[in-house]
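Engineer: The sequence shown begins at 94 in this note's numbering and counts up by one.
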Amino acid sequence: MSQPVIMKSNKYGINLILNPNIPFGELLGYITDKFLESEKFFKNAHIALSFEGRVLSDEEEYLILDAISNRTSIHVICIIDNDEIREQYTKQKIDQYLEESSGNTGKFYKGTLRSGQVLECETSIIIIGDVNPGAKIVSTGNIVILGALKGTAYAGTSGNEECFVVALDMNPMQIKIGGIIGRCEDKGILASLRERKRSAAEPQVATVLDGRILIEPITKNAFNNL
Numbered sequence: 094m095s096q097p098v099i100m101k102s103n104k105y106g107i108n109l110i111l112n113p114n115i116p117f118g119e120l121l122g123y124i125t126d127k128f129l130e131s132e133k134f135f136k137n138a139h140i141a142l143s144f145e146g147r148v149l150s151d152e153e154e155y156l157i158l159d160a161i162s163n164r165t166s167i168h169v170i171c172i173i174d175n176d177e178i179r180e181q182y183t184k185q186k187i188d189q190y191l192e193e194s195s196g197n198t199g200k201f202y203k204g205t206l207r208s209g210q211v212l213e214c215e216t217s218i219i220i221i222g223d224v225n226p227g228a229k230i231v232s233t234g235n236i237v238i239l240g241a242l243k244g245t246a247y248a249g250t251s252g253n254e255e256c257f258v259v260a261l262d263m264n265p266m267q268i269k270i271g272g273i274i275g276r277c278e279d280k281g282i283l284a285s286l287r288e289r290k291r292s293a294a295e296p297q298v299a300t301v302l303d304g305r306i307l308i309e310p311i312t313k314n315a316f317n318n319l
């Protein structure tokens with residue numbers, strides 16, 4: 094084939110036709126470039142992805158999904174085998190996803206937010222990854238970070254001070270819940286949090302109590318009070 098990667102869209106997703114001969118590392122770069130070129134058209138789309146022309150290992154498929162997740166706003170719901178019933182099966186998967194997600198009030202984001210990146214969400218959100226220094230996550234609902242919070246988190250943007258922020262490793266530059274702000278340079282809970290020496294990261298939750306940001310270890314009682 095003359096091109097390393099050919100992208101074909103269909104009713105339910107994207108089919109990638111891959112050159113079988115070039116090294117995978119080089120091919121991954123071409124795939125990433127293709128999705129970056131299509132970012133504007135597919136922005137925030139939920140798609141199924143299929144491959145043909147080349148047999149990929151599980152690790153290679155994961156690296157492709159990771160590149161798409163980290164570099165674009167496209168959400169890959171599933172990978173579909175390339176066969177004669179692919180379109181029917183894809184439709185079933187998409188319909189199932191939409192049905193299951195229609196009753197949810199939260200969203201998932203997989204990937205690390207790096208310095209300068211801002212992720213905004215009109216619902217509660219779960220981040221599967223880290224929020225690095227200089228990055229910002231903004232949500233009208235709650236924020237749950239299955240990783241490290243080292244940047245800025247703003248929950249309850251509509252003014253809801255009953256929202257919370259959870260992180261497996263809580264070390265923020267700034268947390269804001271509703272109209273209440275806590276900064277790392279402030280004297281108080283965030284400053285003491287950064288100065289505290291811990292042998293291992295400890296999951297913690299940030300809430301508003303008596304007009305200030307309170308950060309405490311996650312316990313059963315902590316969640317009962319949310």
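Glycine is no exception: its CB is placed at the ideal position from the N, C-alpha and C atoms.
As the structure is a computational prediction, the values presented were derived from the model and not from experiment.
Specify, as a first and last residue, the run of the beta strand (DSSP E) that Arg305 falls within.
Structural biologist: Run containing Arg305: Arg305 to Pro310, per the beta strand (DSSP E) assignment.
Engineer: Considering Cα atoms alone, identify which of Val231, His168 and Pro97 is closest to Phe117.
Structural biologist: Among Val231, His168 and Pro97, the Cα nearest to that of Phe117 belongs to Pro97.
Engineer: Excluding the 5 residues preceding and the 5 following Val322 in the sequence, name in chain order all residues of the same chain whose CB lies nearer than 7 Å to its CB.
Structural biologist: Only positions 94 to 319 of the chain appear in the structure, and residue 322 is not among them; the question remains open.
Engineer: How is the alpha helix (DSSP H) around Glu119 delimited, first residue to last?
Structural biologist: Run containing Glu119: Phe117 to Glu130, per the alpha helix (DSSP H) assignment.
Engineer: Which partner residues of Asp262 appear in the DSSP bridge assignment?
Structural biologist: In DSSP, Asp262 forms a bridge with Ala241.
Engineer: Is Gly227 near Gly209, with beta carbons less than 8 Å apart?
Structural biologist: Contact: yes.
Engineer: Give the DSSP bridge partners of Lys133, in chain order.
Structural biologist: Partner(s): none; Lys133 has no beta bridge.
Engineer: Here's the rule I'm using: 16 or more other beta-carbon atoms within 10 Å means buried, otherwise exposed. How should Lys136 be labelled?
Structural biologist: Answer is exposed; the Cβ neighbour count stays below 16.
Engineer: If I follow the unbroken beta strand (DSSP E) through Glu213, where does it start and stop?
Structural biologist: Here the beta strand (DSSP E) through Glu213 covers Val211 to Cys214.
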